[in-house]
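First comes the structure, then the notes that go with it.
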RNA sequence: GCCGACAUAGCUCAGUGGCUAGAGCGGCUGUUUUGUAAACAGCGGGUCGUGGGUUCGAAUCCCUCUGUCGGCUCCA
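Numbering (the working numbering), first residue to last: 17 to 632.
Pasting the structure below:
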């Protein structure tokens with residue numbers, strides 16, 4: 017935790033609220049055993065162990081009421097220090113085994129052992145490796161907690177808050193440890209800011225891709241098919257294919273070639289790549305009835321692509337060799353991790369691998385950064401990049417020198433492209449460092465989607481080679497890239513980003529013709545329009561139902577169709593159409609009429625050029 | 001996988017141990033031939049997610065499984 021955050025008054029407010037909440041819970045359930053209560057994005061939480069008592073949202077009212085009492089009392093936060101050994105006795109005396117464990121670790125090993133817990137929740141300064149002599153406590157009213165601080169002056173200076181939810185969390189985040197109940201709250205300096213945040217959440221709820229996916233008939237699931245295995249309807253499939261086409265086109269522009277690989281393989285492939293050792297327990301196994309080979313569903317595509325590369329001797333003149341494949345991978349994710357389209361068991365990657373000479377790395381990365389920039393500009397999302405480096409753990413393959421050089425090259429490319437970036441250790445893939453693209457959506461949330469990865473490990477493990485100018489055998493470098501990431505995950509973000517108001521180029525239905533009546537002239541006129549539109553490659557629907565025009569307009573709005581055109585006697589007589597344009601597409605609200613030809617050609621052009629606003 | 005919640009008509013939901021399980025929307029049929037966000041009337045539609053148990057009696061209470069949601073953990 018940086019000093020900057022510690023100095024933030026909001027930080028002290030949120031942290032103080034965590035204490036106030038713990039204190040309130042202790043008033044209501046005196047037997048509570050307390051874990052830790054740090055500040056998190058937008059608020060705070062506290063982990064509590066209430067034995068067999070399950071907390072639920074129904075309890076929030078009582079807890080909040082108790083918190084308000086404490087706040088109203090304006091109890092000062094007092095800091096006290098005591099020797100670590102004495103603190104252990106204190107924790108034991110008050111029946112707080114979790115605090116006792118923390119204190120024991122602190123005074124025995126220093127802060128490094130407890131680093132995983134966020135040093136700011138502990139009563140010590142972060143970063144020191146030495147044994148801790150003294151720890152600090154904060155007291156308000158009858159509540160005392162091991163804590164580094166800082167806090168607000170007194171309990172009435174904490175701004176506005178709201179308890180949000182309760183969830184299970186392992187003590188110290190380790191699976192084998194006792195599970196505690198984590199109570200989350202959000203907190204802001206003023207009620208107005210709290211209101212704004214809650215409004216944003218409400219907006220996010222309205223845009224939830226699972227809700228919209230159902231309402232707009234984009235994808236479905238079935239109990240018979242199983243968890244994490246969504247199926248795409250005709251409308252949803254249009255979206256998938258338009259997005260994949262964009263991704264493929266961008267890379268084909270940079271000389272990537274499409275390849276195809278099967279979805280099952282012998283596990284030998286992944287033993288060789290190193291994936292089996294690392295992800296073996298997350299692979300779907302396939303049993304052949306004839307051979308004894310252990311087959312698996314492919315969880316990724318790079319090893320397959322190395323086989324295509326290695327199928328022929330390669331010359332330095334052939335490089336870079338670049339493959340792109342949009343294909344579905346299968347990962348046996350834990351059931352609790354699945355949700356909507358954001359985490360699925362069958363995920364479709366727009367995956368590419370470039371095999372390059374070391375001197376071509378920079379150019380290759382530049383190309384891919386350009387692709388990513390184009391793609392996210394087209395879909396209207398801002399991006400910044402995270403340089404994902406390794407840390408000191410043993411989770412990575414390949415020499416440290418190789419890693420250092422790879423990390424340097426990625427950073428150089430990011431700097432050269434003047435991208436907004438930040439660096440983070442421990443986020444790399446096991447075979448190499450990554451440039452991860454962090455994408456901001458329309459309501460300010462950030463998601464990780466695209467990624468560019470440098471890989472020296474797999475070329476080595478697979479013994480990839482090319483013949484250099486001097487006749488020697490050299491090893492190529494692999495550059496992995498997925499622009500959308502996985503189409504399913506991308507869609508989960510994109511549906512919420514657009515709130516289902518898809519731009520013309522990927523809208524499942526681009527134009528809807530609404531007939532005023534069902535007379536033969538109308539039917540014939542609309543029929544001609546539809547044919548004309550289809551010839552231009554447009555996706556059009558006709559609403560010729562026996563309903564009022566108002567009702568049919570409403571339907572088109574509900575389905576978020578970009579253009580709807582009412583066709584009645586006027587249009588048939590005059591030949592001019594007056595399209596109703598979905599609000600978000602309009603630049604400056606005009607109300608003009610167009611000939612059918614003019615209108616349809618403009619829409620077709622907008623679709624082709626993938627614009628997000630209309631010129632109509 | 002773990003902790004917690006939830007599952008009633010195609011959809012959104014009401015019904016918390018006692019008559020034949022309801023509503024709105026959607027669907028179907030008829031009337032109406034409609035002009036930019038919901039015409040009117042009628043009719044269908046549910047072994048209350050699955051399997052088991054408790055009980056004279058279960059949508060309602062208990063257990064199993066499946067699925068969904070909020071988190072934890074994980075993410076090539």
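The beta-carbon is built from N, C-alpha and C at its ideal position, and this holds for glycine as well.
Which of the three DSSP states, helix, strand or coil, is assigned to residue i?
i: residue 163; result: coil
i: residue 445; result: strand
i: residue 295; result: helix
i: residue 333; result: coil
i: residue 93; result: coil
i: residue 627; result: coil
i: residue 534; result: coil
i: residue 143; result: Bear in mind that a pLDDT of 42 at residue 143, under 50, signals an unreliable position, so the model cannot answer this.
i: residue 239; result: coil
i: residue 540; result: helix
i: residue 107; result: helix
i: residue 395; result: coil
i: residue 227; result: helix
i: residue 512; result: helix
i: residue 316; result: coil
i: residue 152; result: strand
i: residue 197; result: strand
i: residue 175; result: coil
Give the straight-line distance between the Cα atoms of residue i and residue j, rounded to the nearest whole angstrom.
i: residue 517; j: residue 458; result: 12 Å
i: residue 629; j: residue 598; result: 10 Å
i: residue 24; j: residue 202; result: 16 Å
i: residue 350; j: residue 200; result: 24 Å
i: residue 402; j: residue 440; result: 7 Å
i: residue 56; j: residue 185; result: 15 Å
i: residue 92; j: residue 149; result: 26 Å
i: residue 395; j: residue 263; result: 11 Å
i: residue 366; j: residue 195; result: 38 Å
i: residue 115; j: residue 508; result: 40 Å
i: residue 227; j: residue 246; result: 14 Å
i: residue 128; j: residue 414; result: In this predicted model, residue 128 has a pLDDT of only 42, less than 50, meaning its place in the structure is not dependable; the value taken from the coordinates is given anyway. Rounded to whole angstroms, residue 128 to residue 414 spans 27 Å at the Cα level.
i: residue 567; j: residue 233; result: 19 Å
i: residue 626; j: residue 221; result: 28 Å
i: residue 164; j: residue 155; result: 12 Å
Ordered along the chain, which non-local residues of its own chain (more than five positions away) have a Cβ less than 7 Å from that of residue i?
i: residue 491; result: 475, 476, 480 and 481
i: residue 444; result: 404, 405, 406, 412 and 450
i: residue 40; result: 79, 82, 83 and 86
i: residue 42; result: 48 and 159
Ordered along the chain, which non-local residues of its own chain (more than five positions away) have a Cβ less than 8 Å from that of residue i?
i: residue 112; result: 49 and 50
i: residue 78; result: 44
i: residue 101; result: 123
Can you name, in chain order, every residue of its own chain whose Cβ lies under 6 Å from the Cβ of residue i, other than the five neighbours on each side?
i: residue 103; result: 119 and 151
i: residue 178; result: 202
i: residue 436; result: 400
i: residue 258; result: 522
i: residue 38; result: 50, 53 and 62
i: residue 419; result: 406
i: residue 525; result: 555, 557 and 577
i: residue 531; result: 538, 542, 560 and 583
i: residue 383; result: 270
i: residue 376; result: 336
i: residue 433; result: 385
Residue i bridges to which residues according to DSSP?
i: residue 497; result: 368 and 468
i: residue 355; result: 359
i: residue 478; result: In the DSSP output, where bridge partners are listed per residue, residue 478 has none listed.
i: residue 605; result: Note: residue 605 sits in no beta bridge, so no partner.
i: residue 519; result: Paired residues: none, contrary to the question.
If you check the beta carbons only, do residue i and residue j fall under 8 Å apart?
i: residue 360; j: residue 493; result: no
i: residue 316; j: residue 400; result: no
i: residue 205; j: residue 26; result: yes
i: residue 312; j: residue 283; result: yes
i: residue 612; j: residue 548; result: yes
i: residue 368; j: residue 346; result: no
i: residue 500; j: residue 465; result: yes
i: residue 29; j: residue 175; result: yes
i: residue 357; j: residue 429; result: no
i: residue 90; j: residue 172; result: yes
i: residue 583; j: residue 529; result: yes
i: residue 266; j: residue 75; result: no
So is the beta-carbon of residue i under 7 Å away from any non-hydrogen atom of the ligand SAH?
i: residue 533; result: Although the ligand SAH was asked about, the structure shown includes no ligands whatsoever.
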